[in-house]
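**Q** In this note's numbering, the protein residues as written are 3 to 120. Beta carbons are placed, not taken as given, at the ideal position from N, Cα and C, and that holds for glycine. Attaching a single structure in structure tokens format; questions to follow.
Structure representation (structure tokens):
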């Protein structure tokens, strides 16, 4: 009995330490990565704009035609527009492409060997 009383004081510290370590592992393995993914999703949803091809959480592919603070309007087929809440956009497939008017013609690149021939 004397032996059991002495080991009881030191033994009660170990379960508390294990619980604290378990919460620490849970925070770094589950909670923190989930918070990071949520911040990235919110950033993506804030930067959505017309012309971007997106996928909704339901798996519907479409191109953003118009957007406001809370919703986006997707063109899912030629002439078919649907309205979704911004959080319903799961990911961006491609960024808006530039139109032909926005493109600047690049100067042709001449190879040094071709330039020496002339």
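Are the stretch 52–60 and the stretch 30–43 touching, with three or more C-beta to C-beta distances below 8 Å?
**A** In short, these stretches do not touch, since the Cβ pair count stays below three.
**Q** From this set, 76, 16, 80, which residue's C-alpha is nearest residue 90's C-alpha?
**A** Indexing the chain shown from 1 puts residue 90 at position 88. Comparing Cα positions, the closest option is 76.
**Q** Out of 81, 78, 19, 49, which has the shortest C-alpha to C-alpha gap to residue 69?
**A** Residue mapping note: residue 69 aligns to position 67 of the chain shown, counting from 1. Cα-wise, what sits closest to residue 69 is 49.
**Q** Indicate the three-state DSSP secondary structure (helix, strand or coil) for residue 60 in the structure shown.
**A** Locating residue 60 in the chain shown gives position 58, where the first residue counts as 1. Coil, per DSSP.
**Q** Looking at the secondary structure, which residues open and close the alpha helix (DSSP H) in which residue 41 lies?
**A** Taking the chain shown and counting its residues from 1, the one referred to as residue 41 is at position 39. Run containing residue 41: 34–48, per the alpha helix (DSSP H) assignment.
**Q** Would you call the CB atoms of residue 94 and residue 28 closer than 8 Å?
**A** Here residue 94 corresponds to residue number 92 of the chain shown, with the count starting at 1. Here residue 28 corresponds to residue number 26 of the chain shown, with the count starting at 1. Cβ atoms of residue 94 and residue 28: not closer than 8 Å.
**Q** To which residues of the same chain is residue 4 closer than 7 Å at the C-beta, ignoring the five residues directly before and after it?
**A** The sequence position of residue 4 within the chain shown is 2, counting from 1. Because the pLDDT of residue 4 is 49, which lies under 50, any placement of that residue in the model is unreliable, and the question is left without a value.
**Q** Just reading off the beta strand (DSSP E) that residue 72 is part of, what are its end residues?
**A** The residue you call residue 72 lines up with position 70 of the chain shown. Neither: residue 72 is in no beta strand (DSSP E) and is coded neither H nor E.
**Q** Need the endpoints of the alpha helix (DSSP H) that residue 16 sits in, please.
**A** By one-based count along the chain shown, residue 16 stands at place 14. Residues 15–28.
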